[in-house]
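Trainee: Can you read through this structure? Questions will come right after.
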Amino acid sequence: CARAGADIKAICTEAGMLALRERRMKVTMDDFRKAKEKALYRKKGNEPVGMYL
Numbered sequence: 009c010a011r012a013g014a015d016i017k018a019i020c021t022e023a024g025m026l027a028l029r030e031r032r033m034k035v036t037m038d039d040f041r042k043a044k045e046k047a048l049y050r051k052k053g054n055e056p057v058g059m060y061l
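Under this note's numbering, the residues of the sequence shown are numbered 9 to 61, in order.
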């Protein structure tokens, strides 16, 4: 899996962003679950590649 490291980084970054959006300084397991779902959704090609807002 050549992209495994990049996928893990994307999930961790997204989990951190989810926590920050809720003004929290700690990332929860729920943040990681949501980030994983979002990353898998993106990976399937359901969203255009590029900047995500």
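Ideal Cβ positions, reconstructed from N, Cα and C, are used throughout, including at glycine.
Which value, in whole angstroms, describes the spacing of the CA atoms of Y49 and R11?
Mentor: For Y49 and R11, the distance between alpha carbons rounds to 16 Å.
Trainee: Tell me, to the nearest whole angstrom, how far the beta carbon of I19 is from that of K44; I am working on the premise that it is less than 8 Å.
Mentor: Right, the Cβ-Cβ distance comes to about 5 Å (below 8 Å), so this counts as a contact.
Trainee: Which of the three DSSP states is assigned to M2 in this structure?
Mentor: This structure cannot speak to residue 2, because the chain is shown only from 9 to 61.
Trainee: Based on Cα-Cα distance, which residue from G24, K46, A47 lies nearest to T36?
Mentor: Per the Cα distances, G24.
Trainee: For A47, which residues in the same chain have their Cβ closer than 7 Å to its Cβ, ignoring the five residues on either side in sequence?
Mentor: Contacts found: D15, A18, I19, E22.
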